[in-house]
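First the structure, in the form of structure tokens, and then the observations on it.
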Amino acid sequence: MANIYQFQAIKENGETYSLDSLKGRPVIIVNTATKCGYAPQFEELESLYKTYQDQGLVVLGFPSNQFKQEVDSSHEAAEACRLTYGVTFPMHHLISVNGKNTDPLFKYLKDNTKGTFGSAIKWNFTKFLVNQKGEVVGRFAPNTSPKEMIPDIEKLLGA
């Protein structure tokens, strides 16, 4: 079965790494936008990250300007997240989450989950929960508070 470990990601500083480095850890992957009305979710995502990171949880933020609510560069987006919301989890290069230029990781995530509008990502802050085997086990809508993911995260962690 396919999993996220076959993909690479590019951090906001340009460093490319393999998601294979996350084996054995649950992961939240989220498409973000600093100018979105859901941007306060950065604080909740950071809270989840700080609460569960010692148990292995990783949060990965992928800024996207697909919905015209993001700044012009990956560095600016990451800086805004750090300064405005105190984000310490990894932020990545600006990506496309829909259309012909969809980032390969997000194509995989969408192909393995269905949202309200089929596989397309409807808006910023669509959240994907991935288990320790790299398999997508949940998709959460943009308007779903990250705190609502806690029971699923704790189930993965055996808490």
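Counting in my numbering, the sequence shown runs from 1 upward without gaps.
Ideal Cβ placement from N, Cα and C applies to all residues, glycine included.
Note that the structure is predicted; figures quoted are calculated from it, not measured.
Does residue i come out as helix, strand or coil in the three-state DSSP assignment?
| i | result |
| --- | --- |
| residue 139 | strand |
| residue 94 | coil |
| residue 150 | helix |
| residue 9 | strand |
| residue 21 | helix |
| residue 42 | helix |
| residue 127 | strand |
Which residues does DSSP list as the beta-bridge partners of residue i?
| i | result |
| --- | --- |
| residue 50 | For residue 50, which the question treats as bridged, DSSP gives no partner whatsoever. |
| residue 57 | In DSSP, residue 57 forms no bridge with anything. |
| residue 31 | 62 |
Using 8 Å for Cβ pairs, my map puts residue i next to residue j. What's the rounded Cβ distance?
| i | j | result |
| --- | --- | --- |
| residue 152 | residue 138 | 5 Å |
| residue 85 | residue 4 | Contact doesn't hold; Cβ gap of about 24 Å is too wide. |
| residue 10 | residue 92 | 6 Å |
| residue 87 | residue 56 | Residue 87 to residue 56, Cβ: 19 Å. No contact. |
Measuring straight from C-alpha to C-alpha, what distance separates residue i and residue j?
| i | j | result |
| --- | --- | --- |
| residue 7 | residue 104 | 7 Å |
| residue 125 | residue 45 | 10 Å |
| residue 148 | residue 30 | 15 Å |
| residue 65 | residue 81 | 15 Å |
| residue 71 | residue 33 | 8 Å |
| residue 227 | residue 36 | Nothing in the structure corresponds to residue 227, since the chain is present only between 1 and 159. |
| residue 83 | residue 58 | 20 Å |
Run the CB neighbour count on residue i, radius 10 Å, all protein chains shown included, and call it buried at 16 or more, exposed below.
| i | result |
| --- | --- |
| residue 102 | buried |
| residue 127 | buried |
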